[in-house]
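J.: Structure incoming, see below.
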Amino acid sequence: MMAKTVKKPETKYRSIEDDERIVANTLKGEAELRAGLGKRFKNADEFIEHLSNL
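Under the working numbering, the letters of the sequence shown match residues 36 to 89, in that order.
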């Protein structure tokens, strides 16, 4: 039996602006969790319902 070769996925490049946005939103989310504003979901359906109400 011959082994199959797996193709290497394409590398995605992000701009510096995207990285700064990700870091800023992560820090904002962490601050909200510490302030007790975090939201937890019991299952995927509850999460999807929450997103549809935004």
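All C-beta atoms, glycine included, are put in the ideal place defined by N, C-alpha and C. All values reported here derive from a predicted model rather than from experimental measurement.
Round the Cβ separation of Glu-67 and Gly-73 to the nearest angstrom and send it over; I've been treating them as touching at under 8 Å.
T.: Yes, Glu-67 and Gly-73 are in contact; Cβ-Cβ is about 6 Å, under 8 Å.
J.: Got a sec, what are the start and stop residues for the alpha helix (DSSP H) Lys-63 sits in?
T.: Note, Lys-63: alpha helix (DSSP H), 51 to 69.
J.: Measure the alpha-carbon distance for Ala-59 versus Glu-52 and round it to whole angstroms.
T.: So the two alpha carbons sit approximately 11 Å from each other.
J.: If you draw a straight line from the C-alpha of Thr-95 to the C-alpha of Ala-79, how long is it?
T.: Shown here, the chain extends from 36 to 89; a query on residue 95 therefore has no answer.
J.: Residues in the same chain with beta-carbon distance under 6 Å from Gly-64, minus the five sequence neighbours each way, listed in chain order, please.
T.: For Gly-64, where only same-chain residues beyond five positions count, there are no Cβ hits under 6 Å.
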